[in-house]
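In my numbering, the protein residues as written are -10 to 56.
So the structure is just underneath, and the comments pick up after that.
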Amino acid sequence: MVQTTGTECRQTWACPAGTQPYYYDYSSVPIDYPPGEYAQCYPPPRNNWYLPDGITQIQAVSCESPI
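The following block contains the structure:
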């Protein structure tokens, strides 16, 4: 679900039982998602998705079985 919070937007999710969230940056290797099950976006020129830290840009989030 995507929600707006002022000038930012936030996408939240819930992974199915037995899976956990991973994110992908510019590589094809899944990386453990940090605490906080949401991604942030900002208005242009930063109109991309970021981790909850607001700095690390991500390309995708997926729910997968633990590696």
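Don't be surprised by glycine CBs; every beta carbon is placed ideally from N, CA and C.
Item	Value
Candidates 6, 16, 34 and 49, of which the one nearest residue 40 by Cα	49
Test: residue 20 CB closer than 8 Å to a CB of chain D	In the structure shown, chain D does not exist; there is a single protein chain.
Distance between beta carbons of residue 52 and residue 5, contact taken as under 8 Å	6 Å
Beta-bridge partners of residue 63, as assigned by DSSP	Since the first residue shown for the chain is -10 and the last is 56, residue 63 is missing from the structure and cannot be characterised.
Candidates 26, 16 and 7, of which the one nearest residue 42 by Cα	26
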